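Residue numbers (the numbering used here): 5 to 147.
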């Protein structure tokens with residue numbers, strides 16, 4: 005515990021380094037294979053649930069981001085934006101916020117230009133980055 009007589013100088017190490025810490029609920033990990041299967045079986049409807057969950061988990065954990073509702077609306081009307089937006093939120097709201105190099109970059113949203121295969125590659129990259137991040141914060145690894 006910090007010595008109260010030191011005041012602001014006794015701040016936690018992460019505060020001294022200028023790294024913001026999130027205080028929200030740790031997000032859910034999900035199995036990429038299960039999510040792909042659910043998306044196929046539901047003829048794409050599960051993709052909306054997945055987008056909602058990822059944006060909402062980031063918003064609940066960091067207090068920043070578009071959140072599930074707006075993220076889903078963006079996905080519905082201009083889905084290519086989601087490829088960049090979610091990658092950016094993973095990169096900046098999660099990894100960079102912790103001072104850790106992100107395994108994904110916003111530019112990876114360009115995978116949407118390669119029909120079907122590009123979406124699968126993008127999804128797997130994003131889900132792995134999210135799973136790794138949430139596990140590092142105490143979530144259970146996906147089954």
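Every residue gets a Cβ at the ideal spot worked out from N, C-alpha and C, and that includes glycine.
Quick caveat: nothing in here was measured; it's all calculated off a predicted structure.
DSSP places residue 77 in the uninterrupted alpha helix (DSSP H) bounded by 71-81. Taking the Cα positions, residue 99 is about 32 Å away from residue 46. In chain order, 30 place their CB closer than 8 Å to the CB of residue 142, counting only its own chain and leaving out the 5 sequence neighbours on each side. DSSP, read as helix, strand or coil, puts residue 109 in coil. Rounded to the nearest angstrom, the gap between the Cα atoms of residue 56 and residue 75 is 6 Å. Looking at 101, 41, 79, the one whose alpha-carbon comes closest to that of residue 113 is 79. Taken through DSSP and simplified to helix, strand or coil, residue 37 comes out as helix. Boundaries of the alpha helix (DSSP H) harbouring residue 51: 49-66, taken from the DSSP string. Considering only 54, 84, 87, 66, the residue with the shortest C-alpha distance to residue 73 is 54.
Taking a cut-off of 8 Å on C-beta distances, the segment 130-146 does not touch the segment 113-122, as fewer than three cross pairs fall below it.
The three-state reading of DSSP puts residue 84 in helix, counting H, G and I together.
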